[in-house]
DNA sequence: ATGCCGTGGAAACCACGA
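Residue numbers (the working numbering): 5 to 277.
Here it is in structure tokens:
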């Protein structure tokens, strides 16, 4: 099963790019962020025509997240990140897809820092950790994916020294992300490519993509049940070179089938020794 | 060092992004 995440930066303005990428890469599951469209303006007809069922949480002008399933329909489990009824941003949606829990998130940017937007980011990360703690050790496979707006390490930024004061790279942000991962999550892309330069975002200006001046901020975190099934993954960076494209590129992983023996044992409640 | 570009929405500029 191929699972992808893509910050589209406007799902309607980006529709031709999105449809072309769906056709060419044919992911089974897609998590979208930054729809920038109200609930009723999501381009469901075009998405369905491309062969995908969808659930989404829209918002006028900003944010917005969606989960797409090729030849199927996601079963919605959660809409909005729990823990703060006053948080009205559309940044989180969760669904079951063929036995895998897909958690699609758009973590707040947090700039300028310090300030109220940075406080909101850190508070949002605390709520994410509270929610994720209940998922990481689950027998059920879980993936947390999306635009985390977190540069995890200096290796994940072009010229990291320029980002030390930025909300994506400040010590508080990195420490909070480290705490999340330390619950037991596997950073899938970094695990697959421990020593490579991997970017998922490039600024629109100063020819950032042409110079490969990017950031790795779109991530896949796999829980303990799912991590052993990670087969491969990568960044569809060429999409960033298309006309009228997003400033993010799609990122994807391939998950192998659950071993029949393990499935049988799990059903019987046995422990593998 | 910098929103230099881009999107959406309201109003011919502004908020916001990373």
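Glycine residues also receive a C-beta, built at the ideal position from the N, C-alpha and C atoms. Computed from a predicted model, the values in this text were never measured in an experiment.
Give every residue of the same chain whose Cβ lies closer than 6 Å to the Cβ of residue i, excluding the five residues on either side of it in the sequence, and list them in chain order.
i           : result
residue 82  : 98
residue 74  : 32, 55 and 56
residue 51  : 58
residue 7   : 33 and 257
residue 9   : 35, 149, 150, 222 and 255
residue 281 : With the chain running from 5 to 277 in the structure shown, residue 281 is simply not present.
residue 121 : 114
residue 239 : 204, 253 and 255
residue 78  : 59, 71, 99 and 101
Cα separation between residue i and residue j?
i           : j           : result
residue 259 : residue 123 : 35 Å
residue 129 : residue 181 : 8 Å
residue 137 : residue 187 : 7 Å
residue 17  : residue 209 : 19 Å
residue 87  : residue 135 : 8 Å
residue 161 : residue 168 : 10 Å
residue 19  : residue 96  : 21 Å
residue 184 : residue 223 : 13 Å
residue 276 : residue 5   : Low confidence applies here, because residue 276 scores a pLDDT of 48, under 50, leaving its location unreliable; read the following figure in that light. Straight-line Cα distance between these residues: approximately 24 Å.
residue 131 : residue 163 : 30 Å
residue 248 : residue 263 : 42 Å
residue 40  : residue 93  : 11 Å
residue 178 : residue 156 : 6 Å
residue 28  : residue 12  : 16 Å
residue 89  : residue 199 : 41 Å
residue 166 : residue 116 : 15 Å
residue 246 : residue 24  : 10 Å
Closest to residue i by CA distance: which of the options is it?
i           : options              : result
residue 303 : 14, 87 and 118       : There is simply no residue 303 to check, as the chain begins at 5 and stops at 277 in what is shown.
residue 114 : 108, 107 and 126     : 126
residue 30  : 263, 256 and 42      : 256
residue 85  : 44, 78 and 69        : 69
residue 104 : 42, 152, 159 and 144 : 144
residue 236 : 263, 191 and 247     : 191
residue 65  : 43, 246 and 78       : 43
residue 241 : 225, 262 and 215     : 215
residue 118 : 170, 79 and 46       : 170
residue 133 : 24, 249 and 225      : 225
residue 158 : 141, 142, 201 and 26 : 201
residue 1   : 24, 166, 155 and 189 : Limits of the chain in this structure are 5 at one end and 277 at the other, which puts residue 1 out of reach.
residue 22  : 78, 72, 62 and 63    : 72
residue 109 : 91, 67, 90 and 199   : 67
residue 53  : 246, 174, 26 and 165 : 26
Who are the Cβ neighbours of residue i in its own chain at under 7 Å, not counting the five residues just before and after it?
i           : result
residue 206 : 212, 213, 217, 218, 244 and 251
residue 153 : 111, 112, 113, 114, 172 and 221
residue 176 : 126
residue 47  : 15, 16 and 19
Tell me which residues share the same chain as residue i and place their Cβ nearer than 8 Å to its Cβ, disregarding the 5 neighbours each side in the sequence.
i           : result
residue 76  : 57, 101 and 102
residue 139 : 105, 107, 146, 148 and 227
residue 45  : 16 and 62
So does residue i have its beta carbon nearer than 7 Å to some heavy atom of the ligand HEM?
i          : result
residue 23 : Absence of the ligand HEM from the depicted structure is noted, as is the absence of any ligand whatsoever, leaving it without description.
(message) For a minimum of 3 consecutive residues, which ranges assigned as the beta strand (DSSP E) are wholly contained in the stretch 46 to 129?
(response) Complete beta strand (DSSP E) runs here, min 3: 56 to 61, 69 to 74, 79 to 83, 96 to 101 and 104 to 110.
(message) Is it the case that the stretch 224 to 238 contacts the stretch 195 to 208, given that we only count it when at least three CB pairs across the two stretches are under 8 Å?
(response) Output reads yes: the stretch 224 to 238 touches the stretch 195 to 208.
(request) Quick one: which unbroken beta strand (DSSP E) runs of 3-plus residues sit fully inside the stretch 194 to 249? Chain order, please. (result) Inside the stretch 194 to 249, DSSP marks whole beta strand (DSSP E) runs of 3 or more residues at positions 222 to 226 and 234 to 239, from first to last along the chain.
(request) Please specify which runs of the alpha helix (DSSP H), each continuous and at least 4 residues long, are wholly inside the stretch 8 to 34, giving them in chain order. (result) Unbroken alpha helix (DSSP H) runs of no fewer than 4 residues, entirely contained in the stretch 8 to 34, are found at 19 to 29, following chain order.
(message) Which complete beta strand (DSSP E) runs does the stretch 141 to 172 hold, if anything under 3 residues is left out?
(response) Listed in chain order, they are 146 to 151.
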